[in-house]
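S.K.:
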Amino acid sequence: MNRILFICSTNTSLSPLAVAIAQNMLATEASLLTFHSAGTHAGKTARTATHTAIEYARLLGIDLASHRSRQISQEMINESQLVLCMSEEQFWFVKDEFNISKNVQLRMITEFSAQLGVREIADPLLGECTYDYAVEWLTKSLQGLFQHLQVTKA
Numbered sequence: 042m043n044r045i046l047f048i049c050s051t052n053t054s055l056s057p058l059a060v061a062i063a064q065n066m067l068a069t070e071a072s073l074l075t076f077h078s079a080g081t082h083a084g085k086t087a088r089t090a091t092h093t094a095i096e097y098a099r100l101l102g103i104d105l106a107s108h109r110s111r112q113i114s115q116e117m118i119n120e121s122q123l124v125l126c127m128s129e130e131q132f133w134f135v136k137d138e139f140n141i142s143k144n145v146q147l148r149m150i151t152e153f154s155a156q157l158g159v160r161e162i163a164d165p166l167l168g169e170c171t172y173d174y175a176v177e178w179l180t181k182s183l184q185g186l187f188q189h190l191q192v193t194k195a
């Protein structure tokens with residue numbers, strides 16, 4: 042597995058942050074994993090990441106200023122081995138709207154972190170939580186994902 046696609050609604054907050062956090066977590070390791078992001082409702086006009094997402098990524102040493110939102114497409118799914126959604130609404134949108142081949146795993150990002158006790162990553166853009174919580178939940182989910190990938194490779 043080497044291409045992971047993170048999905049959120051607008052591709053301006055959670056999924057770009059997930060890419061930034063994942064890249065930061067693996068920065069010192071040789072990794073064949075690549076990370077990308079898209080939104081279920083990003084639209085045709087590319088937008089920058091939110092100011093707060095850019096600031097959190099900057100604290101991690103990653104520049105999100107050049108990020109531009111992308112609408113999810115069949116091509117993006119076909120090029121990925123793992124598609125991770127932040128919410129059940131996004132999961133079912135992807136499952137219903139796209140052809141998911143046997144070579145692609147469609148999962149919830151929180152499946153990899155049982156200790157969170159949540160099924161979805163709440164969205165700060167909707168006022169569901171603060172960015173602090175979202176970053177914490179993303180980090181714990183990604184730690185679980187990377188642990189899972191190492192275990193399954195053995």
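As numbered in the working numbering, residues 42 to 195 make up the sequence shown, in order.
Just so you know, even glycine gets a beta-carbon here, dropped at the ideal spot from N, CA and C.
Can you tell me whether His189 is buried or exposed, with buried defined as 16 or more other CB within 10 angstroms of its CB?
M.R.: Position 148 of the sequence shown, counted from the start, is the residue given in the question as residue 189. The residue in question, His189, is exposed, as its Cβ has fewer than 16 Cβ neighbours within 10 Å.
S.K.: Check the C-beta distance from Val124 over to Leu73 and give it rounded, since I have them as a contact under 8 Å.
M.R.: For the purposes of this step, residue 124 is taken as residue 83 along the sequence shown, with counting starting at 1. For the purposes of this step, residue 73 is taken as residue 32 along the sequence shown, with counting starting at 1. That pair is no contact at about 18 Å.
S.K.: May I ask which residues mark the beginning and end of the alpha helix (DSSP H) holding Glu185?
M.R.: Residue numbering aside, residue 185 sits at position 144 when the sequence shown is read from its first letter. Note that residue 185 corresponds to Gly in the displayed sequence, not to Glu. First-last of the alpha helix (DSSP H) with Gly185: Tyr172 to Lys194.
S.K.: So who's on the other strand from Val124, going by DSSP bridges?
M.R.: Numbered from 1 along the sequence shown, position 83 holds the residue referred to as residue 124. BP columns for Val124 point to Leu46 and Leu147.
S.K.: Once the 5 residues before and after Cys126 are set aside, which same chain residues still bring their CB inside 6 Å of it?
M.R.: Mapped onto the sequence shown, residue 126 falls at position 85. Closer than 6 Å at Cβ, skipping near neighbours: Ile48, Phe132 and Met149.
S.K.: By alpha-carbon positions, which one of Thr91, Ile118 and Lys181 ends up nearest to Thr81?
M.R.: Your numbering for residue 81 matches position 40 in the sequence shown. Thr81 has its Cα closest to that of Ile118, out of Thr91, Ile118 and Lys181.
S.K.: At which residues does the beta strand (DSSP E) containing His77 begin and terminate?
M.R.: Taking the sequence shown and counting its residues from 1, one reaches residue 77 at position 36. From DSSP, the beta strand (DSSP E) with His77 extends over Thr75 to Gly80.
S.K.: Leaving aside the five residues before and after Gln122 along the sequence, list all residues of the same chain whose C-beta is less than 8 Å from its C-beta, in chain order.
M.R.: In the sequence shown, counting from the first residue as 1, residue 122 sits at position 81. Result list for Gln122: Met42, Asn43, Arg44, Ile45, Asn144, Val145 and Gln146, in chain order.
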